[in-house]
Each structure stands twice: as structure tokens, then as C-alpha cells.
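Quick notes on the structure that follows.
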Amino acid sequence: MTEKELPLTGETTPENEIPPKKENGNVQPKKIGVYLCRCGGNIGDVVDLQAVADSLKTDKNLIVNIQDYLCSSQGQERIKNDIEKGRIDRVVIGSCSPKLHLETFRSMAKKAGINPNLLEITNIREQASWVHDKAGIDAKVKGLIKGAVARIGSIEPLVPLEKKLVDRTLVVGGGIAGITTALEMADNHEVILIEKAPFLGGHMIGLSKTFPTLDCSQCILTPKMVAVHNHPNITLLTQTEVADVKGSPGDYTITLKHSPRYVDIKKCISCGACARKCPTGAIFLPFAQAVPQAYMIDMSKCKQCGACVKVCPRDAINLEAKEETSTISVGAVAIATGFEPLDLSVIEEYNYPAPNLLTAIEFEEMLSAKSKTGMRLQKADGSFPNRVAFVLCAGSRDFTGRGKKYCSKVCCIYSQKQAQLVKKMKGDAEAWIFYIDMRSAGRRFEEFYHHTQEKGVNYVRGKIAEIIPKPDGTLMVQYEDTNLGMKGREVFDMVVLCPALVPSAGTKELADKLGVPLGDDGFVEEKHVKLDPVNTLNQSAFAAGCVLGPKDIHDSVTEGISAAHKASQFLGKGIILIPPEKPMILECNGCGDCVKACPYNALNLEGGKAVLSPLACTGCGICVPACPIKGIEIRNYTRNQLKAQLKAILGEAPGVVVFLDPYAYAAADIAGVNRKQYSSLVRFVSVPSIHILDADVVNAAFEYGATGVMLIEGTTDEKLTSRSDELYKRLKKETRKHKKPLRYSHIETAQYEKMTDLLNVFATQAGTKAEKRSKKEKGDSSETAEE
Amino acid sequence: MKKETILPETRDTAFRDLILKTPVGEKIPTCMQCGICAGSCPVSHEMDYTPRQLVRMVQLGLKHEVLNSNTIWICTTCFSCSVRCPRGIRPTELMETLKPIAIAEGIKNKNSKFDNIFSDVVKKNGRASEFLLISKYSLSEPGMIKQAPFGLSLMSRGKLPLMPDKMEDVRELDAIFKTGEEKQEKKPESGTKENAETKAEAGEKNEGKAADTGGEAEK
Ligand SMILES: Cc1cc2nc3c(=O)[nH]c(=O)nc-3n(C[C@H](O)[C@H](O)[C@H](O)COP(=O)(O)OP(=O)(O)OC[C@H]3O[C@@H](n4cnc5c(N)ncnc54)[C@H](O)[C@@H]3O)c2cc1C
Ligand code: SF4
Ligand code: SF4
Ligand code: SF4
Ligand code: SF4
């Protein structure tokens, strides 16, 4: 076997070799092991695995084996043994999603002595047994496994490319989660911490005391903020956001956008001379403990008189400052953009905003380092509120679309903290908590609940139905005391709404730029809900704190530490492995069409021939259909390989072929986890990108018996999605002769429900069309007109 | 009020399942008993069970309590509960679903009586007449005699005209009611059957909806 080295650019290691495509036949018959997992009963109870195994018996090159738990050491041992004994040299596994155990199985395969890429997993749990009932499922699984067998037989043993990592991390968000991540990493790695506000601390710096121990928030946070400021390995950039992301995991070039502060943080010594001279109060220190310690100007108030500029002893003020940008190069990104409150004006019957009707965050701020009232709790008129009501679940646990479905987790406990503070400030003041369920799970929380009850706080089980602000500044609330079944009305001096906590504005844009999927609640989707809670689907992006869902400080810190650990581990490897499924240029007449088509500038004409820069290439496959002489194929996803797989899948029974890119694949997995049922006629074929497909492949699918073909794209990369419409139109035109339905749909990972709805509708449509067609063919074969 | 004990024999699961299968029933199991409905309801203090409690009793299948409660008759169909319920349950429609069942079961109380008299008056005159309504209802409900002085004072101020305001051509209205009744006759056990069928229709509609979503998502 001759091995040819492909030219590689960039920082690569010499071992990078891609074995060439075997040009001349003479290939040894492959010995393939097929291992099916019952997954307890998860798969075995729904799919007749024995029947699947029996259907493979005709193929003499196969060893088929069924296990209860393939991922167990016993299950793995069996595969390892078969490889080591030389019984097999390629592996197809039918089990849970490859997201869960592919790495484990592949490292086992590597140890046993084969190229790990020669082991592939067919997902028959999340994408089969969890989403279909028994009808039709066996035919589906048989087809999928046969497809996988056909595929694995033709796979080249490629070696992943390696690329050097940039040993620098960008942490986005300077709340407690981001601060923790930065500090935990900084001793061993360079960190850039950006924060969009003018100061560090996030919501925590706006808290009074912190449950469940009631220590002062600022007292425990300030030392951490100062540590960030002083750490030699941390660059802190406030008023900064991500504007653009270029590059690939492990090697990003990120453009940052800095909004002007008009005061140079490095020069300002916070003497306050400027503020004393400013006629409009436009220049100010955000608050005494703010980090960084420097004044700033609110330009909406500034008259440009220049009084401050003249008086500043350090020449720190520049009224002409403009928004600036800068570029950084980082290998990993930690997302810690936290939360914000739901806009409560959507709940009309609460009449928010109104005087003395505040959110819990506004309540906290009054008693925090950021206080503008001298840490005094007061009504709009400056007096102390003698009767305060707390309204829990404001916008949470709402399934109507007006609010958020989830529980915001911290409000039950912080509202009790706030009620305690009211009672502490004035013993005879009244504090009422209106709750639906008092959720105090967690260490020390039930004790905290009990303690609050002892303090004489009045608990009412019933959610406030409406809040009417009165002209005198009091607020009338109406509710049902559900324990008594009696309607009630009370008047309060202050009503505190505990809002649903939603992801910060801008989280979606940032996540899209990094190719990090969000859940349908808008929070960052974990790589695995339980087992990989701070990793994302982007191997170089991590997340911590409330951007992963509402939580308290303790949990935000725990995640900050975890994210730091995971990011350090990632950077510690020094290299990143890049999937080797790149284009190979088999024939080239030098037309340069592919060079023009490639969105990532990964192709160049050299000496009249197209040449690939593998590290710049993302494997998107746009060049494949772009080449007019079909000279380009993606390794291991060649036209012939895909066709062979389709033929085997559809040979078992006709069905609807659905091509999924990795993000859409993840959506299908989430649908599985949520047991969203859909038609068992659906046959998923996983591709690195839907853009590798051309009419050759789609026509083949139709010829082999697909009743319909669907392309589902989940990526948010605009370079690809902006080309999808064109791809769809071209395919539609070039596959028209089959008169079978073809669909394209963009479905982000979070939209798994939309996906299953769509699959059902499409499967039905395809079925009806197929029926009509067969009737017509029987009826009058000469008639061809349709649609 | 004498309270019953909730026992297996007081829970009618067939009744519960029947209601859960109606279009309004689907979400009833998700009620979290927050009380927003009852807190929003302008008349819940007049009800023997608040809307929240009614939903709870349906969850349990307490058929007797549900159908005999005055709640379903007192409801003004103002929809406050339905717009505000965070679980998307529609207590208003629940009341509307329960009323015909109560009628079919032959359940009568002073609140259902009022409804009957009201619809009779409308059927006859094409319009509501406060005078006819009040006098007929007072005759059928002995306790109402106490309200007589109030009625007289209203009359003396011309707030309660004696002559009912009639529709020009009541026959048209008759025709409408007839068609309605004919339709009803085709479905003998009015309440229950009707609901089961509505559900089937709704089911079809739902599928249609999914199809729409699908269409939209396509490019
Ligand atoms: C009213 C209230 C009271 C609470 N009381 C307690 C308590 O007593 N005890 C307790 O344990 N927990 C309490 N919590 C919870 C606590 O506030 C959170 O656990 C904690 O603040 C989460 O920290 P975080 O870093 O994840 O998010 P955040 O505090 O929200 O920090 C996120 C930071 O990221 C920044 N950011 C956002 N988007 C971007 C962007 N695109 N680019 C750059 N920067 C960005 C934000 O400006 C912010 O500074 C309370 C919460 C509330 C709402
Ligand atoms: S934590 Fe309590 S108040 Fe907050 S949403 Fe959950 S149940 Fe409601
Ligand atoms: S696969 Fe995509 S990125 Fe790679 S060369 Fe082709 S068009 Fe460019
Ligand atoms: S508002 Fe809805 S969820 Fe709340 S008690 Fe009423 S029906 Fe149940
Ligand atoms: S619709 Fe009926 S039950 Fe609902 S709030 Fe109005 S009167 Fe009360």
C-alpha cells in the first residue's frame, strides 16, 4: 500500500498523513463485526434484535453479536477480543447515540489495534427505539445496520489532522461564574476576561446578603474581583463584547468591540476632582467598590464643556473617545454571560412597572454595593415600606408562551432572604410571600425556610392574580388562598416581583458565532446534560453559571471551576484533532470553480490545479458539487460511499431518507431523549454537511426506493446557510424526473419539536404521493403529467 | 358545609377520562393549583368551589361534586381565568363543557334554573327581559320574595319596564332554535356524545395544524 502525503499548511505535525484513495480494486474482503446493544430493555424491548441479526446472516464476512450493555467492560471486551484475535478488522455498533460512547469505543478499538475510524455507531436508541413503537421499526433498524455495514466496508482508515492550539482562553462575562473560571485557569494559562458592563461582578455585585448563610455579597466577591484585576495572566476588558469570530476550534481570531468610557482606566486614580467640577453629574464612579476603579462618563448627560478634562490631574479624560475594536487569538472560549430578568410588562395584569412595584433584582440593588439609596430600603417617596409582598414565579412555570416553562430555581429562597431582611430592618413590618410551591431542596435550604417562618413572615399559598397600583402609591393585590379556597385582597406599600430568569441578551448571537447550540429555553445546551455539563458541542467552547440555566452562587462557582478544568484539560493537549474527512481532488482541469465556491479560502490554484489547505478547510463540501467534472469527493463521504449506504438502507424497505448535518443530528438526539415520536419510515443519514450532496446522490436515493428525501441543516454558519436555498433549488431541478418530494429545512438544535412535526408531515406527504403514483402507474402508464 | 371523604368509590374515573378527552381536558392534568384562576375570577367568592377546586375535582373524577356545584352556573364566562392560567388550561370552556353534562344528568339547582328561565325568555321574545326574568325566577325560587321591595323600587324608577322588548320577527329565531334542536336530537345523550365528537374533530384539526407548521418550515 503506498501512502501519499498531502500538502498541509499551517502549524502541523509531521505525522499528518492522509492515506490516498485506493485507486485499483484488489481490495481484501473486509471482516466486519456487527454488535447490537439491547441497552437493558431500552432498545431490546422495542426492536427485535435477533431478527436484525438473522437478517445479516447471509453475509459471510460478518460476525454478529448481541449484548445487554455494550458499553460495559464485558461488552467492550468482546469487541476487543474479536479484533485482537483477527476475527474482524472493522466494527459497526448499533446502540445509543455516538455522542455518548463513540470516544470510548474508538479508544478501545485503537488499543485493540485498528484505526479508530473503522468503528462507527448507528444510533438505534435516540433515533429509533425511543421515538417509534414496534410497527415498522425492525425494517428500519435492519436497513440502517445494513447501510452502516455497506459504509464501513468502504471506509478509508484516515488519521485525524493535528493542529497546534493557541494556549489562551477568552472568558465572556464577568459575573461570579466568569470570574471563577478566569481565576481558576490563570495560574497555568493566559486568560482574557471580557465584560460588557463597565465593572465586574455581574448580578452578584448587586446582591445584598446571600442565602443561605446571609453573608454580605460584596464582602465575599470583592477579594475575587481584585484578584482578577491584579492577576498577571488575566487581561480584564470591561465594556467589551465579541464582534466577530473567525477560525476554527482551538485557533480562533476574535474581534472585540469596546464601547468608550471616556476615562482611561489605567490613568484614573479615582480622586473625584472631575465629578466635583462637572455641572451635570455626567462623570461618576459606578460605585465605591467597583472594579476597575475608574470614573466614567454618561454621554447622554455630558454637555462637552470640558470642565473635567481641565481639572483631571492625570490627564485621563478624553471626550472624543470612540468605539474601538481589537483582535485577539484564543484557543478556547468560556461562555459565562449569565442571565437577565424576563421583561415583566408581558404580564399585563401585574401592571409593571409602577411606583413601588419592583423586581427582586431592583430590591436587592437597593441594599447592595450598587445602592443609590445609601443601602436603605425605601419606597418611591423615601419612606420605609411597612407592608411588603413578594410574588413568586412571576413569568416562570408558564406554558402559554407568555412566560417561561422552567422554574427559575433561586427565587423561592432569595425571596425568603429578602423577607427576612425586611423583618430585620423593622421588626413590626409585614412581609408576605405568595408562592405556589416552596422549593427549598438543597443543603441548608429547608432550614432557611424554617428560620424565615420563625421570623414571622406570612406565607400564602396562591399566586397573585392581579396587582393594581393605587394613586397613593400603594398596591392592591388579589389572589386566592388556595389552602382555604378563599379569595383575598390586600394592600401593600411595596410589591416585589420575582421574575423568570432568562439568558442575557446577546447570548444567542455569541453562541451562533461559536457554533454552540442552545436549548429550546435559550440557555446553552450542554454536550451531555448529565455527564458533560460544562462542555458544549464545540469542543473548544465551555460554559458556566446561569448561561446554563438559573442557579445560585454555589452552583455557578462549581461550574466555573469545572469549566476552568475542562478548558485547561483541552488546552493542555497542545493540539487539536481535526476530522480527516476533507475533499480529495481526483481530477482537475484547472477551471477554478471550486476555488471560487469555497467559503473558507481553503482552495487555491497552483500550477493550473486546485490545491487544498486542509487546515483551513472545514469539510463543508461546497466544492464537491461545484466541480463541473465531478473531480472532487469528500473522503469517506464520496458519492459512491453514500450511494452504497443508501442502497443497503432502502434495500430493506422503502422509506424517507433524511440527511442530517451534525447540528440537526443533535436535534434528533434531543427529540429522542424527550421521546418525541415520529414516523418509523424516517431513515436518517448523517453527513458532515448537507452541501456535500448533489443530484447524483439524491437521484440514487430515489432510484433505490426512497419515497421522499429531506435535507435538514442545523448549522448557524451563515457561510453555509446562505447557500442552502440555491442548493435546494438546484437539487429540486435536477431530481425532478422522479416526481418524488424533496424538502430542505433549517432546524437549529433547540428546535427538535419542529423537527419531529416536520418529519411526520413529510413522511405522510411522501407516503400519499407514493400511493397516488402507484395507483396512477397501474391505471394509466402512458399518462405522465403530475403536480 | 358537610365534607365528603375522597374514596375510591367517590372517584369516577370514567367521568374524569371523559372530560380529559374533550378539547379543554387535554391540559387539565397539568394544573398546578396556583389559584390564579380563582384569584382572577370576579365571582369565585360566590361559588361553592372555586375554579381551581373544580379543576382539581375533575382531576380526581369527583363527578357528584363537580356536576352539582354551583360553580359551572355562576361563571360569567368572562374568560379572565382562561387568559391568565399559566398552564394554558381554560376553565371557562371547562364550565361550558360541564353544563350540558349536568343537564343531561338531570341535575337541577337554583343556578341551573336561572339559566333555563333565561334561555326560555330569550327563545320567546328574541330579547332578554329583566322583568320576565326576575318575576319568573322569583316565583320558582321561594327565597327570592325577600328581594321584592328592591324590585318595586326599580320599577318605580322606570328601571324595570314591564313590557318585554320583542324582536320584530321571532319566527326567524324559532327557525334557528329548531335547527339547533334537530341537530341535538341526532345526538341523543347530548352532553357527553357531543363532546366526544368535538374531540375527534379537534384531533383532526390538530393534525392539520402540524401540517401547517411543516409547510412553513419548508423553503
Ligand atoms: C434577585 C436575586 C437574588 C439572588 N440572591 C442570591 C443569593 O442570595 N444567594 C445565591 O447563591 N444566589 C443568589 N442569586 C443568584 C445569583 O445572582 C446567580 O447565581 C449569579 O449571579 C450567577 O452568576 P453568573 O456569572 O452566571 O451570571 P451573571 O451574574 O448574570 O453574570 C453574567 C455577566 O456577563 C455579562 N455579560 C452578559 N452578556 C455578555 C456579553 N455578550 N458579552 C460580555 N459580557 C456579557 C453581564 O454583564 C454579567 O456581568 C440571586 C439572583 C437573583 C435574581
Ligand atoms: S424557584 Fe420558586 S418562585 Fe422561582 S420559579 Fe421556581 S417555584 Fe417559582
Ligand atoms: S470542503 Fe468546504 S471548506 Fe473545504 S475546500 Fe471544499 S468548499 Fe472549501
Ligand atoms: S390558573 Fe390554571 S394552573 Fe392555576 S389553578 Fe387555575 S387552572 Fe390550575
Ligand atoms: S370565566 Fe368564569 S370561572 Fe373564569 S374567571 Fe370568569 S367567571 Fe370566573
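Just so you know, the protein sequences line up as chains B and L, in that order.
Each residue of the first sequence is one higher than the one before, counting from 406 in our numbering.
Each residue of the second sequence is one higher than the one before, counting from 88 in our numbering.
The beta-carbon is built from N, C-alpha and C at its ideal position, and this holds for glycine as well.
Comparing C-alpha distances from isoleucine 448/B to each of Ala533/B, Asp487/B and Val469/B shows the shortest one belongs to Ala533/B.
Of the heavy atoms belonging to ligand 1, none sits nearer than 6 Å to the Cβ of histidine 537/B. The beta-carbon of alanine 544/B is placed no less than 7 Å from the nearest beta-carbon of chain L.
In terms of beta-carbon proximity, lysine 892/B lines the interface with chain L, with at least one pair separated by less than 7 Å. Residue-level contact check: tyrosine 884/B touches chain L, since one or more beta carbons of chain L fall below 7 Å from its beta carbon.
In terms of Cα proximity to tryptophan 535/B, the closest of Ser1084/B, Phe947/B, Leu588/B and Ser773/B is Ser1084/B.
Of the heavy atoms belonging to ligand 4, at least one sits nearer than 6 Å to the Cβ of valine 142/L. Taking a contact as a CB-CB distance under 8 Å, the pair threonine 941/B and valine 952/B does not count as one, their CB atoms being some 10 Å apart. Residue-level contact check: glycine 867/B touches chain L, since one or more beta carbons of chain L fall below 7 Å from its beta carbon. Per DSSP, the unbroken beta strand (DSSP E) holding glutamine 883/B starts and ends at 880 to 886. Restricting attention to Phe264/L, Leu149/L, Leu107/L and Met119/L, the CA atom closest to the CA of aspartate 99/L is found in Leu149/L. Of all residues in the stretch 770 to 804 of chain B, the ones placed with a Cβ closer than 7 Å to any Cβ belonging to chain L are Arg802, Asp803 and Phe804, in chain order.
Threonine 164/L has its Cβ nearer than 6 Å to a heavy atom of ligand 5.
Nearest to threonine 764/B by C-alpha distance, out of Cys713/B, Ser820/B, Val716/B and Gly779/B, is Ser820/B.
Neighbours of glycine 238/L across chain B, judged by C-beta separation under 9 Å, do not exist; the nearest C-beta is about 29 Å away. In this structure, DSSP gives threonine 660/B an extended state, which the three-state scheme calls strand.
In the displayed model, asparagine 940/B falls within a strand according to three-state DSSP. In this structure, the CA atom of alanine 794/B is about 60 Å from the CA atom of isoleucine 1027/B. Using a CB distance below 9 Å, the part of the stretch 112 to 128 of chain L facing chain B consists of Lys114, Thr117, Met119, Gln120, Cys121, Gly122, Ile123, Cys124, Ala125, Gly126, Ser127 and Cys128, ordered along the chain. Leucine 226/L counts as exposed, since fewer than 16 other beta carbons sit within 10 angstroms of its beta carbon. Beta-bridge partners assigned by DSSP to tyrosine 840/B: Arg866/B. Any Cβ of chain L closer than 7 Å to the Cβ of alanine 678/B would place that residue at the interface, and such an atom is absent. At least one CB atom of chain B sits nearer than 7 Å to the CB of serine 131/L. For arginine 177/L, no Cβ of chain B is located within less than 7 Å of the residue's own Cβ. Here methionine 119/L has Arg174 as same chain residues with Cβ atoms under 7 Å from its own Cβ, once five neighbours each way along the sequence are excluded. Of the residues Leu467/B, Ile526/B, Lys672/B and Ile659/B, the one whose Cα lies closest to the Cα of aspartate 649/B is Ile659/B. Closer than 7 Å to the CB of glutamine 146/L there is not a single CB belonging to chain B. Residue pairing for isoleucine 702/B: DSSP places it in a beta bridge opposite Ile688/B. When beta bridges are read from the DSSP output, leucine 763/B appears opposite Val901/B. Secondary structure at arginine 1040/B: coil, using DSSP grouped into helix, strand and coil.
A residue is called buried when at least 16 other Cβ atoms come within 10 angstroms of its Cβ; cysteine 172/L meets this threshold and is buried. In this structure, the beta-carbon distance from leucine 141/L to threonine 158/L falls below 7 Å.
Taken in chain order, the complete alpha helix (DSSP H) segments of 4 residues or longer contained in the stretch 168 to 192 of chain L are 178 to 191.
Ranking Leu690/B, Ser653/B, Arg681/B and Gly652/B by CA distance to the CA of arginine 666/B puts Leu690/B first.
When DSSP assignments are scanned along the stretch 1041 to 1088 of chain B, the uninterrupted stretches of beta strand (DSSP E) that are 3 or more residues long and fall wholly within it turn out to be 1061 to 1065. If you look at glycine 1113/B, you'll find it isn't in any alpha helix (DSSP H); it sits in the beta strand (DSSP E) that goes 1113 to 1118.
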